[in-house]
Structures are given as C-alpha cells and as structure tokens.
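*Asks:* If you read the protein sequences in the order shown, they are chains U and G. Numbering-wise (our numbering), the first sequence opens with residue 86 and increments by one. Numbering-wise (our numbering), the second sequence opens with residue 86 and increments by one. Encoded as structure tokens, here's the structure I'll be asking about.
There are 2 protein chains.
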Amino acid sequence: MNRIKAAIYGVGAMNSIATRMLLDKDVEIVAAISRSKDKVGKDLGDLTGLGRQLGVIVTDDAKAALAESGADVAVIAVNSYMTDAVEQLRNCAEAGVNAVTLSEEALYPWNTSPELTAELDAIAKRTGATLTGTGHQDTYWVNIVAMMMGTAHRIDHVTGRASWNVDDYGPEVAGDQQVGKTVEQFNQWLSGAERPPTFGRNVLDALVADAGLTVKSITSTTRPDVAAEPMHSQALNLDVAAGDVIGFTDIDEIQTEEGVVFTFEMSGRVYGETDGDINDWEIKGEPDLVLSNGNVPTQITTCTQLVNRIPDVINADPGFVTMEKLPRLKYRAFGFHTYLEAGAE
Amino acid sequence: MNRIKAAIYGVGAMNSIATRMLLDKDVEIVAAISRSKDKVGKDLGDLTGLGRQLGVIVTDDAKAALAESGADVAVIAVNSYMTDAVEQLRNCAEAGVNAVTLSEEALYPWNTSPELTAELDAIAKRTGATLTGTGHQDTYWVNIVAMMMGTAHRIDHVTGRASWNVDDYGPEVAGDQQVGKTVEQFNQWLSGAERPPTFGRNVLDALVADAGLTVKSITSTTRPDVAAEPMHSQALNLDVAAGDVIGFTDIDEIQTEEGVVFTFEMSGRVYGETDGDINDWEIKGEPDLVLSNGNVPTQITTCTQLVNRIPDVINADPGFVTMEKLPRLKYRAFGFHTYLEAGAE
Numbered sequence: 086m087n088r089i090k091a092a093i094y095g096v097g098a099m100n101s102i103a104t105r106m107l108l109d110k111d112v113e114i115v116a117a118i119s120r121s122k123d124k125v126g127k128d129l130g131d132l133t134g135l136g137r138q139l140g141v142i143v144t145d146d147a148k149a150a151l152a153e154s155g156a157d158v159a160v161i162a163v164n165s166y167m168t169d170a171v172e173q174l175r176n177c178a179e180a181g182v183n184a185v186t187l188s189e190e191a192l193y194p195w196n197t198s199p200e201l202t203a204e205l206d207a208i209a210k211r212t213g214a215t216l217t218g219t220g221h222q223d224t225y226w227v228n229i230v231a232m233m234m235g236t237a238h239r240i241d242h243v244t245g246r247a248s249w250n251v252d253d254y255g256p257e258v259a260g261d262q263q264v265g266k267t268v269e270q271f272n273q274w275l276s277g278a279e280r281p282p283t284f285g286r287n288v289l290d291a292l293v294a295d296a297g298l299t300v301k302s303i304t305s306t307t308r309p310d311v312a313a314e315p316m317h318s319q320a321l322n323l324d325v326a327a328g329d330v331i332g333f334t335d336i337d338e339i340q341t342e343e344g345v346v347f348t349f350e351m352s353g354r355v356y357g358e359t360d361g362d363i364n365d366w367e368i369k370g371e372p373d374l375v376l377s378n379g380n381v382p383t384q385i386t387t388c389t390q391l392v393n394r395i396p397d398v399i400n401a402d403p404g405f406v407t408m409e410k411l412p413r414l415k416y417r418a419f420g421f422h423t424y425l426e427a428g429a430e
Numbered sequence: 086m087n088r089i090k091a092a093i094y095g096v097g098a099m100n101s102i103a104t105r106m107l108l109d110k111d112v113e114i115v116a117a118i119s120r121s122k123d124k125v126g127k128d129l130g131d132l133t134g135l136g137r138q139l140g141v142i143v144t145d146d147a148k149a150a151l152a153e154s155g156a157d158v159a160v161i162a163v164n165s166y167m168t169d170a171v172e173q174l175r176n177c178a179e180a181g182v183n184a185v186t187l188s189e190e191a192l193y194p195w196n197t198s199p200e201l202t203a204e205l206d207a208i209a210k211r212t213g214a215t216l217t218g219t220g221h222q223d224t225y226w227v228n229i230v231a232m233m234m235g236t237a238h239r240i241d242h243v244t245g246r247a248s249w250n251v252d253d254y255g256p257e258v259a260g261d262q263q264v265g266k267t268v269e270q271f272n273q274w275l276s277g278a279e280r281p282p283t284f285g286r287n288v289l290d291a292l293v294a295d296a297g298l299t300v301k302s303i304t305s306t307t308r309p310d311v312a313a314e315p316m317h318s319q320a321l322n323l324d325v326a327a328g329d330v331i332g333f334t335d336i337d338e339i340q341t342e343e344g345v346v347f348t349f350e351m352s353g354r355v356y357g358e359t360d361g362d363i364n365d366w367e368i369k370g371e372p373d374l375v376l377s378n379g380n381v382p383t384q385i386t387t388c389t390q391l392v393n394r395i396p397d398v399i400n401a402d403p404g405f406v407t408m409e410k411l412p413r414l415k416y417r418a419f420g421f422h423t424y425l426e427a428g429a430e
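Take a look at the structure:
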C-alpha cells in the first residue's frame, strides 16, 4: 500500500496536534487549507510548531487544493455546527475526498440537520467519498457507552456526565460557548430562535439509534456556568469578571418508546486550576453498571480519534457514515496505510 | 425471522441465570444437557429456579440432544480450560450447532491451545457452525480496553487489575482456584508440570493480537491469596482456616517487539464482606488514560455477555471466531431473533 495522503483543513490548535500525529503515522501531508489571511502563504510546519518546514504552503482555495493535491482524506477542524460545517464537507464530497471532521454536530447529524446530512450523503455516494464526524465523543460519549450497554440485560436509565475545557479548542468554540458574556446576555442568546442543537442531543441520538430504540420525547435544558471569581479565558485572551459566563451545561434527555431513558449533562466551560475533564456514565437496570475515565485529556483524545479513525473511514463504504457504524476503534502502532483494506483507495 | 432455538449445555449457577435471560429475549429453549445424575430427567425450569416448568427435560446424551433438538445455538457453562471444554465444543461443532461458552481459555485459545482450537475451527468450518468464548472478559478485559487503546497516539504500557469472587461460579471453578488448600499444597500444585494456562494470558494474547503487535516474551507469576481470618467458601461449602488459600492472583506480562508492554493482575478469590469486583485499566503513553468500572457485577456481566453475544455468533462466518473479531456488542432490547441478519440461520 502507498502512504496515505492527507489535506489539513483548518490550521488551528487542534489540527496542529493532528498534523504531528499524522506525520508520526507515516501519513503524507499534501495540502493545508485556511481562511485566515495570517496563515495563507506560510508553511504548515511553521504554523503548527513542528520546528521544521513541511514544504506545504497554506492556501485559502479549498476546492483547488482538494482537486489537485491527490489527497485521500481531509482532516477538518474548523467549526462545530452543520450549518457551518457543510461548506468544508461539501467541498470534500464534491472532490471525492474522504473526510474526518471534529465538527461536533457531525458526530450524528441525521436528526438535527437531516437535509444537510442527506445532501452530503448523496454527493459522497456519487463521488465515492466517506464523511465521518469523530473526536472525543466518538469513543467516550458513544461507542464505549454503547459497548457497556451491551453488557446489560435490561436498561432503565443511562446517565452521562462530561465536561471539557473551552480553552482547549480555540476562540471559535469559546465564542460558541458564550464565554465572557453576562448572564443577561446569555439568557437573551438562549431564548433566541437561532440556537443550534446541543452536542449532547447528537450523542443521545447516536446511542438511541445504535440500540435500535425509538425516540418518544426530547427535552433539553441549559444553564450558564458562571465564574465564582475573576477568571481568564486563554482561548479568547479575555478576563471574565466574577458573575459572568465561563461556558454552559446542557442537560439533554431522551425518553424512548421502549421505556429506556437517556440523560446527558455536558459542561463546556473555562476551567479553574483544580478542574479537570470527566467522563462518568451510569446504567440503571439489570445489572447496574458504571464507567469512569478519571480526568480524561479531552483535547488529546479528540485529536487521536480524529486521526486514528482515518483508516476506518477510507475502508468504509461511501456516504455520510456516522461513527457508531464504523468498526471498533483500534490502536494504530504502525503507519496508517498498513491498516487499509485491499481496494479501499 | 423465527425465534432462536437454544440448547442449555451445563445446568449450574451460570446457566440458571442465562436461562431466565434467554427466555426474556424470546429465545426458545429446546434442550438441556448435564452430566449430573441429580439433574438428568428433571425439568430445566425446576432446576434453574424459574418457579415454573419449561417442558425441557435434562438429558446426559449431548450428541442426541444437539442432533435432534433443532437448536440454533448451544449455551455452554461447564468448565474453564480447553482440555476440558473441547468435549462440549466438539459436540456442538460436529452437530453443526453454533456455540457460546463461558470457558475462560476459549476467549482467545489460539496461543495456549493451538491444536485443539485449530481442530475445532476446522470442524466448525466444515459444518457451518460458529464457536465463540465470551463472558465478563469479552467486554471488560478485552474489547473495552482495546477500544480505549484506540484513543491513544502512542502506548508504552497497558496495565489491568481485575478481581472476581470465586463463590459466584460454582464448585468446579472454586476447586480450580485451589480454595481451601494450604499454602504448601498451593505451592506444590503451582510447581507441578500440569498447570493450565492463566486466563490473563488469554486476555493479553487477545489484546496483543487485536492491535497487530508481535509477542517478544511472556512472563507469568502467581501468588496465593490467603485468608487473613477464618472464611467460608459458599461454592464449596467449606470453611477455610486463617492462613489457608482463598484463591490466587495471576500477574501476566507480555513484552512486544514494538515496545508496548501489557500487564494484567487477575485475582480470583473468596471475598470477605467488604470486597467487590474491580476492573481498573491504565494506559501510559500519549496521552495517559484510565478506565474504571467501580464494583462491577462480574457474575451478571458474564451471563449477559454469554447471551447477548448469541445474535453476533449466529451472524458470524463459520469457525472458531474469537470475540475481538465480532462486532462491538450492543444492547438487546428486543427478541434476539430480530438481530439476525438475513440468511444467517
């Protein structure tokens, strides 16, 4: 097998980590795409802190880069919601380039953005590309939970609690999380009609669908997380006054026709010095089961899954293939091209 | 799809739980097999504490029961090691009946009993049956660990610690765990040539194989777990004096050519009142990762996986198919026959 060729799509904090990881796994970087005027024309190695140049110059012409670079896969780390993410995913699908993306809604967008997802699925099937949303939530919020569910005889209630540090994901995500707003501004934003779907909703949709259950009702409540003392957001380089917003917690709940209830509390906020990410799940039923990943390093496990999923995505059938349909993720000790099935690409 | 027909093979503590679970999932019990003179001729419902008769009379003629009952799958809970388990698995394979077994070595017997496994694999491929070892270790010691490994960029060392209560698994297993022996008797037994392979070895073999790594060296050490005060083994109905053996801990370690080290400490002993099963795993590398399942109810998760794997095993290609090759386990909310793929059986 030849080495896999990858296009870096979005040159920020997450794809800087991903670039190093891809190189470690013998992936050839053949293009880098950014909208940022500060980055266009510069070498990807310089921008991602590798300490050496890669001979890959950042461009803002995504369509040309995808069409001409010979990329097997695009590694997208640009935004969070499908209304934004559709641009990058459509560019990849139309160019027939497989794509993995960190856009959180893309994890399982079939219910929250059905038209966009169906459109992308159709283009990808026509051109032979596979599009998949992954990241920390792939294993820790869906697949490892679904696997533990498989060890139950009867499930009454599945409850998850997770948190992540807004400062790990750059200014775009921190802005989405309303960091620095007053509570009044937060409540105004929350009551508006334009609120995007919660990421927890996508996680629960995936768990319900994977178990073959039927949604009866969905509730979603959101509370602001507020600074108890003055804090600083690194991602925004912004001081947040006590009483102002450092993020929020979504509490999503799905009741199913079969009686199984799913609840997920997902908190994305600026951390104080003693905070750490958690991933705690509990199943009530026969038997009761629990899972904890201690202080899980969400930022790194987001990047590792973004890159470790690449062989699965290239091997998969064309279309928008959500991560619960991919094989169980495996450790990749060797160059990624060694994990490709014959004829995959 | 028609309902799945199952033969209960071994009528003891574990298959009593499994029988109830199978009935809950719309599986039809068509045969029950036991070597015990106390059980032959009695109704399976009476023997398994269901509070009602099933119209299934226990027989000791395994070959006739498998050949004549029309069973799609046999649910085997008889013994632990392949030298013993080969009898039941061979009977199933020769009758063309799929089988799931709790025999611990059968989880991944390719390295510890290669000839027996190859023989069973060949028979099963000829008759169209699938044979799979499962139980608690399927998810909690292999597949959930392998999945977490998939979220690492680099792994230096994987360490697991697990324990289980000998009294949960009946007298045969308690005898294998040397319960009630003196330390001197234990050490004599340990130094003898006839010691069977450790179950931890099978677990680590599965993890190494799943990651595509190559074994460089294997070490296995065993220490007796000793009663600090007088204890009672329910499984053996035996009082154990202080200073005598209540089980043992195997510490298995595999070094790989790729530099990844795997260590597993697995303790099977009689519990005191405050003990509980644990399942704690740690990955050292980039990043460091941990997993804990609190006080996991090993006995129940053994039975749930034995039964929940049935649709996967019927769907799988013929042969001895070890559990890391099966699809990620799923919660089975509905009758098991609804999870069969067209043409599977």
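In this text, a Cβ means the ideal position worked out from N, Cα and C, and glycines have one as well.
If you measure between the beta carbons of alanine 431 of chain G and alanine 92 of chain G, is that distance less than 8 angstroms?
*Replies:* This structure leaves residue 431 of chain G out entirely; chain G is present only between 86 and 430.
*Asks:* How long is the line joining the alpha carbons of glycine 265 of chain U and tyrosine 254 of chain U, rounded to whole angstroms?
*Replies:* Locating residue 265 of chain U in the first sequence gives position 180, counting from the first residue. Locating residue 254 of chain U in the first sequence gives position 169, counting from the first residue. Answer to the nearest angstrom: the Cα atoms are 16 angstroms apart.
*Asks:* Just to confirm, are leucine 129 of chain G and isoleucine 114 of chain G a CB contact at a threshold of 8 angstroms?
*Replies:* The sequence position of residue 129 of chain G within the second sequence is 44, counting from 1. The sequence position of residue 114 of chain G within the second sequence is 29, counting from 1. Yes, Cβ-Cβ distance for leucine 129 of chain G and isoleucine 114 of chain G is below 8 angstroms.
*Asks:* Given histidine 238 of chain G, which residues of its chain have a CB within under 8 angstroms of its CB, disregarding the five upstream and five downstream residues?
*Replies:* For this step, residue 238 of chain G is matched to residue 153 along the second sequence. Counting only Cβ-Cβ distances below 8 angstroms, and skipping sequence neighbours, we find Gly370, Glu371 and Pro372.
*Asks:* Here's the rule I'm using: 16 or more other beta-carbon atoms within 10 Å means buried, otherwise exposed. How should lysine 124 of chain G be labelled?
*Replies:* Along the second sequence, one-based indexing puts residue 124 of chain G at 39. Classification of lysine 124 of chain G: buried, given that the 10 Å Cβ count is 16 or more.
*Asks:* Scan the segment 389-405 of chain U for residues whose Cβ lies nearer than 8 angstroms to a Cβ of chain C and list them as they occur along the chain.
*Replies:* Absent here is chain C; the protein component of the structure consists of chains U and G.
*Asks:* Report the three-state DSSP secondary structure of alanine 278 of chain G (helix, strand or coil).
*Replies:* Within the second sequence, the letter at position 193 stands for residue 278 of chain G. Residue confidence for alanine 278 of chain G is low, a pLDDT of 46 falling below 50, so the modelled location carries little weight; the figure read from the coordinates is stated next. Note: alanine 278 of chain G maps to coil in three-state DSSP.
*Asks:* Along the chain, where does the alpha helix (DSSP H) that runs through glycine 155 of chain G open and close?
*Replies:* Translated into the one-based positions of the second sequence, residue 155 of chain G becomes position 70. Glycine 155 of chain G -> no alpha helix (DSSP H), and no H or E assigned at all.
*Asks:* Between the C-alpha atoms of aspartate 362 of chain G and glutamate 367 of chain U, what's the straight-line distance to the nearest angstrom?
*Replies:* Position 277 of the second sequence holds residue 362 of chain G. Position 282 of the first sequence holds residue 367 of chain U. Their Cα atoms are separated by approximately 17 angstroms.
*Asks:* What separation, rounded to the nearest whole angstrom, lies between the Cα atoms of threonine 244 of chain G and valine 243 of chain U?
*Replies:* In the second sequence, counting from the first residue as 1, residue 244 of chain G sits at position 159. In the first sequence, counting from the first residue as 1, residue 243 of chain U sits at position 158. Threonine 244 of chain G and valine 243 of chain U have their C-alpha atoms roughly 28 angstroms apart.
*Asks:* Between U:Thr224, U:Ala247, U:Asp402 and U:His317, which has its C-alpha nearest asparagine 380 of chain U's C-alpha?
*Replies:* Taking the first residue of the first sequence as 1, we reach residue 380 of chain U at position 295. Of U:Thr224, U:Ala247, U:Asp402 and U:His317, the residue nearest in Cα terms is U:Ala247.
*Asks:* Pull up the CB-CB distance for glycine 218 of chain U and threonine 197 of chain U, whole angstroms please, since I reckon it's below 8 angstroms.
*Replies:* What you label residue 218 of chain U is simply residue 133 of the first sequence in a count that begins at 1. What you label residue 197 of chain U is simply residue 112 of the first sequence in a count that begins at 1. Going by Cβ atoms, the distance from glycine 218 of chain U to threonine 197 of chain U rounds to 12 angstroms, so no, they are not a contact pair.
*Asks:* If I follow the unbroken alpha helix (DSSP H) through isoleucine 102 of chain G, where does it start and stop?
*Replies:* As a position in the second sequence, residue 102 of chain G is number 17, starting the count at 1. Where isoleucine 102 of chain G is concerned, the enclosing alpha helix (DSSP H) stretches over 98-109.
*Asks:* Express the C-alpha separation of glycine 95 of chain U and isoleucine 399 of chain U in angstroms, rounding to a whole number.
*Replies:* Taking the first sequence and counting its residues from 1, one reaches residue 399 of chain U at position 314. Taking the first sequence and counting its residues from 1, one reaches residue 95 of chain U at position 10. Spanning the two alpha carbons is a distance of roughly 20 angstroms.
*Asks:* Check whether the segment 285-301 of chain U touches the segment 312-328 of chain U, taking contact to mean three or more Cβ pairs, one atom from each stretch, closer than 8 angstroms.
*Replies:* The segment 285-301 of chain U is not in contact with the segment 312-328 of chain U.
*Asks:* In the DSSP assignment, find the unbroken beta strand (DSSP E) run with valine 311 of chain U in it and report its ends.
*Replies:* As a working note, residue 311 of chain U is residue 226 in the first sequence. Its beta strand (DSSP E) spans residues 300-311.
*Asks:* Leucine 129 of chain U CB to nearest chain G CB: under 8 angstroms?
*Replies:* As a position in the first sequence, residue 129 of chain U is number 44, starting the count at 1. False, the Cβ-Cβ gap to chain G never drops below 8 angstroms.
*Asks:* Roughly how many angstroms lie between the CA atoms of glutamine 270 of chain U and aspartate 169 of chain U, to the nearest whole one?
*Replies:* Within the first sequence, the letter at position 185 stands for residue 270 of chain U. Within the first sequence, the letter at position 84 stands for residue 169 of chain U. The straight-line gap from Cα to Cα measures roughly 23 angstroms.
*Asks:* Exposed or buried, alanine 180 of chain U, counting other C-beta atoms within 10 Å across all chains shown (16 or more means buried)?
*Replies:* In the first sequence, counting from the first residue as 1, residue 180 of chain U sits at position 95. Looking at its Cβ environment, which holds 16 or more other Cβ atoms inside 10 Å, alanine 180 of chain U is buried.
*Asks:* Counting only the same chain and skipping the five closest in sequence on each side, list residues whose C-beta sits under 7 angstroms from that of threonine 304 of chain U.
*Replies:* For the purposes of this step, residue 304 of chain U is taken as the residue at position 219 of the first sequence. Taken in chain order, the residues that qualify are Glu338.
*Asks:* Which residues in the same chain as aspartate 111 of chain U place their Cβ atom closer than 7 angstroms to its Cβ, once the five residues preceding and following it in sequence are excluded?
*Replies:* Sequence index remark: in the first sequence, residue 111 of chain U carries index 26 (1-based). Arg88, Gly420, Phe421 and His422, listed in sequence order.
*Asks:* Identify the contact partners of glutamate 343 of chain G in chain U, using a Cβ-Cβ distance below 7 angstroms as the criterion.
*Replies:* Stepping through the second sequence from its first residue, residue 343 of chain G is reached at position 258. Within 7 angstroms Cβ-Cβ: Ala418.
*Asks:* In whole angstroms, what is the alpha-carbon distance linking valine 346 of chain G and threonine 283 of chain G?
*Replies:* The sequence position of residue 346 of chain G within the second sequence is 261, counting from 1. The sequence position of residue 283 of chain G within the second sequence is 198, counting from 1. Near 18 angstroms, if we compare the C-alpha coordinates of threonine 283 of chain G and valine 346 of chain G.
*Asks:* Under 8 angstroms between the Cβ atoms of glutamine 390 of chain U and glycine 285 of chain U?
*Replies:* For the purposes of this step, residue 390 of chain U is taken as the residue at position 305 of the first sequence. For the purposes of this step, residue 285 of chain U is taken as the residue at position 200 of the first sequence. No, the pair does not count as a contact, with Cβ atoms beyond the cut-off.
*Asks:* Are any of the Cβ atoms in chain U nearer than 8 angstroms to that of methionine 408 of chain G?
*Replies:* In the second sequence, residue 408 of chain G corresponds to position 323, counting from 1. It does not; no Cβ of chain U falls within 8 angstroms.
*Asks:* Any beta-carbon of chain G closer than 8 angstroms to the one on leucine 298 of chain U?
*Replies:* To locate residue 298 of chain U, count along the first sequence from 1; it is residue 213. Interface residue, yes.
*Asks:* Identify whether histidine 422 of chain G lies in helix, strand or coil by the three-state DSSP scheme.
*Replies:* On the second sequence, residue 422 of chain G is found 337 positions in, with the first residue counted as 1. Looking at histidine 422 of chain G - three-state DSSP - the assignment turns out to be helix.
*Asks:* Do you know how far the Cα of valine 311 of chain G is from the Cα of aspartate 397 of chain U?
*Replies:* Along the first sequence, read from residue 1 onward, the residue named residue 397 of chain U stands at position 312. Along the second sequence, read from residue 1 onward, the residue named residue 311 of chain G stands at position 226. Distance between the alpha carbons of aspartate 397 of chain U and valine 311 of chain G is about 47 angstroms.
*Asks:* In terms of DSSP beta bridges, what is phenylalanine 284 of chain G paired with?
*Replies:* In the second sequence, the residue the question calls residue 284 of chain G occupies position 199. Beta-bridge pairing links phenylalanine 284 of chain G to no other residue.
*Asks:* Once the 5 residues before and after arginine 137 of chain U are set aside, which same chain residues still bring their CB inside 6 angstroms of it?
*Replies:* Working through the first sequence from its first residue, we reach residue 137 of chain U at position 52. Only Gly130 meet the Cβ criterion.
*Asks:* Kindly give me the distance between the Cβ atoms of leucine 174 of chain U and leucine 108 of chain U, rounded to whole angstroms, as I take these residues to be in contact under 8 angstroms.
*Replies:* Residue mapping note: residue 174 of chain U aligns to position 89 of the first sequence, counting from 1. Residue mapping note: residue 108 of chain U aligns to position 23 of the first sequence, counting from 1. Between leucine 108 of chain U and leucine 174 of chain U the Cβ distance is about 24 angstroms, and since that is not below 8 angstroms, they are no contact.
*Asks:* Quick check on this structure: which residue in U:Ala418, U:Val355, U:Leu374 and U:Ala259 has the alpha carbon closest to the alpha carbon of aspartate 106 of chain U?
*Replies:* By one-based count along the first sequence, residue 106 of chain U stands at place 21. With the sequence shown as reference, residue 106 of chain U is identified as methionine, and aspartate is not the correct amino acid for it. Selected option, being the one with the closest Cα: U:Ala418.
*Asks:* Return the CA-CA distance between threonine 104 of chain G and alanine 296 of chain G, expressed in angstroms with no decimal places.
*Replies:* Start at 1 with the first residue of the second sequence, and residue 104 of chain G comes out as number 19. Start at 1 with the first residue of the second sequence, and residue 296 of chain G comes out as number 211. About 35 angstroms.
*Asks:* Do asparagine 183 of chain U and alanine 214 of chain U have their C-beta atoms within less than 8 angstroms of each other?
*Replies:* Along the first sequence, one-based indexing puts residue 183 of chain U at 98. Along the first sequence, one-based indexing puts residue 214 of chain U at 129. For asparagine 183 of chain U and alanine 214 of chain U, yes; Cβs fall inside 8 angstroms.
*Asks:* So is threonine 224 of chain U in contact with chain G if we call contact Cβ pairs under 8 angstroms?
*Replies:* Translated into the one-based positions of the first sequence, residue 224 of chain U becomes position 139. It does: the Cβ of threonine 224 of chain U has a partner Cβ on chain G nearer than 8 angstroms.
*Asks:* If you draw a straight line from the alpha carbon of alanine 98 of chain U to that of proline 194 of chain U, how long is it in whole angstroms?
*Replies:* Reading the first sequence from its first residue, position 13 is the one you call residue 98 of chain U. Reading the first sequence from its first residue, position 109 is the one you call residue 194 of chain U. If you take the alpha carbons of alanine 98 of chain U and proline 194 of chain U, they lie about 24 angstroms apart.
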